[in-house]
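Structure first, commentary second.
In my numbering, the protein residues as written are 1349 to 1607.
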C-alpha cells in the first residue's frame, strides 16, 4: 500500500493534488507547458504504481499545463542521458517505457484525460483514459517517432490503430499530419470537445460524481471497460518496443560510425 505523502512531491514534472478522492496529475516543465523528457519517461511508471496502491484515490484526472498538454519532445535531454548511461541506456528506456504503459493500463480506478492543447508525443497515454475530454485548441501530432527515424511502436501503434482503424492510423503515424479537435471528435478519439476555460471544470465535475460511487463499483467498471486495452498491450507492447529499440540502437551505432 502507498499514501499520498509517498509521492506527492516526488516528481519534478508532475504536479499532484487530491481532493475528496479525485487525484489530479498535471504534467509541466518548470511550471510551464510540458516537454516530454527522459526523467518523466522514467518517473511515470513508478508514479502510476504508487497511485494504484493508494486506496484513498478514487478517480484520476490527467492533464497538462498552460496552452499545451505536451508541447515538444526534449530530444537533447534524451541524447545527453544516453551519453551518460552508455550501453545500458536503451535497456533502461525499454524497461521504463514498458513499465509506464503497463502500470497505466493496470490502474484499477477510472481515469479522465483533460487534453488542454496540442499533444506531440506519447498521445497514447491520455487516449487510454476511460473518458477523453479535449479543448477546442487540442491537436494530435507525432513528433517523437518517424520524423526522428524511430518506429512509432511503443504503444502508439496499438492505441491509434484500435481507435481510428489501421489505415487512418498508419497515415497519421507515417506522415506526421495533425489531427485537430474537430477531427479527433469525429473519428472517435475524444468524447467531448470543450472551450479551454470549460475543460477542467467539466473533468472535475465528472470526477467528483464518480468519486461518490462505491469503490468496488469504480474498480469493477474500470476492469470491465479496460480489458480490451490490457489484452492488446499484453499481446503487442513488447514486440513493438523491440522494433523501436532496434532502430534506436542502429541510429546510435551509425552516429558512432559503427555501421
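Backbone N, C-alpha and C define an ideal beta-carbon position, used for all residues, glycine too.
Here the structure is a predicted model, which means the values were calculated and not measured.
Sequence-distant residues of its chain with Cβ nearer than 8 angstroms to residue i (five each side left out)
i	result
residue 1595	1497, 1498, 1499
residue 1369	1404, 1405, 1406, 1407, 1559
residue 1469	1384, 1418, 1420, 1421, 1490, 1491, 1492
residue 1511	1475, 1517, 1535, 1536, 1537
residue 1429	1386, 1437
residue 1525	1489, 1519
DSSP three-state assignment for residue i, whether helix, strand or coil
i	result
residue 1399	helix
residue 1646	Outside the shown range of the chain (1349 to 1607) lies residue 1646, about which nothing can therefore be said.
residue 1538	coil
residue 1532	helix
residue 1608	Since the displayed the chain opens at 1349 and closes at 1607, residue 1608 lies outside it and no answer follows.
residue 1358	coil
residue 1352	helix
residue 1367	strand
residue 1380	strand
residue 1525	coil
residue 1419	coil
residue 1374	strand
Own chain, CB closer than 6 angstroms to residue i, minus 5 neighbours either side, in chain order
i	result
residue 1371	1405, 1408
residue 1411	1374, 1462, 1464
residue 1350	1398, 1401, 1402
residue 1472	1503, 1504, 1507
residue 1365	1372
residue 1389	1444
residue 1479	1460, 1539
residue 1579	none
Presumed contact (8 angstroms Cβ cut-off) between residue i and residue j, rounded CB distance
i	j	result
residue 1449	residue 1585	6 angstroms
residue 1487	residue 1528	5 angstroms
residue 1574	residue 1453	7 angstroms
residue 1494	residue 1521	7 angstroms
residue 1458	residue 1566	6 angstroms
residue 1442	residue 1391	At roughly 16 angstroms, the Cβ-Cβ gap does not stay under 8 angstroms, so residue 1442 and residue 1391 are not in contact.
residue 1513	residue 1447	Not quite, the Cβ-Cβ distance comes to about 29 angstroms (not below 8 angstroms), so this is no contact.
residue 1456	residue 1571	7 angstroms
Residues near residue i by beta carbon distance below 7 angstroms, same chain, minus five either side
i	result
residue 1592	1498, 1499, 1501, 1502
residue 1555	1370, 1407, 1409, 1460
residue 1380	1413, 1414
residue 1354	1398
residue 1426	1386
residue 1356	1364
residue 1613	The chain is shown from 1349 up to 1607; residue 1613 falls before or after that span and cannot be answered.
residue 1597	1438
residue 1577	1453, 1476
Original post:
Hey, is the segment 1395-1405 in contact with the segment 1435-1443, meaning 3+ C-beta pairs nearer than 8 angstroms?
Top reply: Three or more beta-carbon pairs separated by less than 8 angstroms are not found between the segment 1395-1405 and the segment 1435-1443, which leaves the two stretches without contact.
**OP:** Would you be able to state if there are at least three C-beta pairs under 8 angstroms between the segment 1539-1551 and the segment 1446-1464?
**Re:** Taking a contact to require three or more Cβ pairs closer than 8 angstroms, the segment 1446-1464 and the segment 1539-1551 qualify as touching.
**OP:** Scan the segment 1451-1506 and note each continuous beta strand (DSSP E) run of 3 residues or more that stays entirely inside, going in chain order.
**Re:** Whole beta strand (DSSP E) segments, 3+ residues: 1459-1463, 1479-1483.
Original post:
Per the contact definition of three or more C-beta pairs closer than 8 angstroms, is the segment 1573-1588 in contact with the segment 1503-1511?
Top reply: With the rule of 3 Cβ pairs closer than 8 angstroms, the segment 1503-1511 counts as touching the segment 1573-1588.
Subject >> Unbroken stretches of the beta strand (DSSP E), 3 residues or longer, contained in the segment 1545-1598 >> reply: Note on the segment 1545-1598: there is no whole beta strand (DSSP E) run with a minimum of 3 residues.
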